[in-house]
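The structure appears below as structure tokens.
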Amino acid sequence: MVKRIDHTVLTQEEIDHILKNKELFYLKSWRDAVTKGMDAESFAVLTSFMGDNALLGIYFSIDKGIIKLAGAPLSGTFTPYMDPLWFGNLSIEDKREIFFEQFKFLKKLGFSYIEYKFKNFMDAKDLGEGVKDFQLFVKETYILDLNRSLDEIWNDFSPTCRQSIKEAVKNRIEVEKIEACELDVEDFYAILQVLYETKGEKPRHSLKFLKEIVYRMQESNHLLFQRAVLDDKIISMKIYLFDHEKFFYLCDASLDLAYETKAVYLMHWNSIKFAKDLGVDYYDFNSKGDEVSDALKRSFSPYVYKRGHLSYKTAFAKSAEKIYKKINKIEK
């Protein structure tokens, strides 16, 4: 007799065999960068419904000893979303049931901290609605539509933005696209450390993780590494990811001089032109919430896009998280 709902845990190799979606954050090169860079694991759960494949959930997991964390994706992995992948034509009622059953299966595997991040807020709301185990959050980002001519895009920038780009050129800023090596990533991280030290903090991500990202995504031709130079001195470095659909601003390390000379504006403008040449649909500025960064991003006249986040934590996981944050703050 066919079970109504059944689950199978897949290995990395089995994921690649079944996965047809070539979206950026499902790529093997990206999953490898996260697992190698963060000492995490990657696995998938394939859930069948009435004997047919229905849902593929891809997860990152970390075992901290006292708690096990799983996420599609986990926070801190530089991954904004990893939506569940559906097979066949399913009603929203069936999807809710299947999704919730897979979530319960993860709990049976011993995970006490589980999170899901969705590209679209409404998808998170539809699947998590009415489930008391989940907390629902909105995560916003800025998106620039690239399905226009460069002239139309340029004319839509704020006057301040256009003037800043012109100023950067007058200030002799040179923006270089490079094939990054380990030393380049180390230079990037050195700038990052200086910036965080002024705030009495440490960078949120490790040098090891950044090296894995640059090495693996550059090798698979999904990364742009950019630097701004003034009088032979590097004043800013930015890392971008891309696939057939989108161009994604990942992170940067910029000295104050990069803002004073308006180099940061010119770098975004050059990367927008690069993205146009790729033929992708949109440019994702990657999240909002930092006052200075948001002001710069808004000057390019993007629109605000809402993503969704579902989070589940047991009472013990919440307590462990608080203790971890306190210890981490003391160490900083």
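Numbered by the working numbering, the letters in the sequence shown go through residues 20 to 351 in order.
Even for Gly, the Cβ is constructed at its ideal location relative to N, Cα and C.
Keep in mind the model is a prediction, meaning the values are calculated, not measured.
Beta-carbon to beta-carbon, residue 227 and residue 245 are separated by about 22 Å, too far to satisfy the 8 Å threshold.
Excluding sequence positions up to five before and after residue 123, its CB lies less than 6 Å from no other CB in the same chain. For the options 65, 23 and 88, the alpha carbon positioned closest to that of residue 337 is the one of 88. Three or more beta-carbon pairs separated by less than 8 Å link the stretch 247 to 265 to the stretch 184 to 196, which places the two stretches in contact. If you draw a straight line from the Cα of residue 241 to the Cα of residue 114, it is about 32 Å long. Residue 100 has no beta-bridge partner at all, per DSSP.
The alpha helix (DSSP H) runs lying completely inside the stretch 186 to 249 and spanning 4 residues or more are 201 to 216 and 226 to 238, given in chain order. If you draw a straight line from the Cα of residue 273 to the Cα of residue 95, it is about 21 Å long.
Judged by DSSP in its simplified three-state form, residue 28 adopts strand. For residue 316, no beta strand (DSSP E) encloses it; the enclosing alpha helix (DSSP H) starts and ends at 310 to 317. Taken in chain order, the whole beta strand (DSSP E) runs of length 3 or more contained in the stretch 88 to 170 are 132 to 137 and 154 to 164. With a cutoff of 8 Å on beta-carbon distance, residue 236 and residue 52 are scored as near each other. Using a 10 angstroms sphere on the CB of residue 335, the tally of other CB atoms stays under 16, which defines it as exposed.
Distance between residue 108 and residue 42, taken at the CA atoms: about 20 Å. Taking the Cα of residue 289 as reference, the smallest distance to any Cα among 216, 212, 153 and 173 is reached at 173. One alpha carbon belongs to residue 129, the other to residue 197, and they sit about 44 Å apart.
Counting only residues of its own chain and dropping the five nearest sequence neighbours on each side, residue 135 has a CB closer than 6 Å to the CB of 91 and 329.
Assignment of beta-bridge partners to residue 79 by DSSP yields 61 and 90. Counting only residues of its own chain and dropping the five nearest sequence neighbours on each side, residue 281 has a CB closer than 8 Å to the CB of 183, 184, 186, 187, 190 and 192.
Scanning 78, 169, 65 and 311 for the CA closest to the CA of residue 291 turns up 169.
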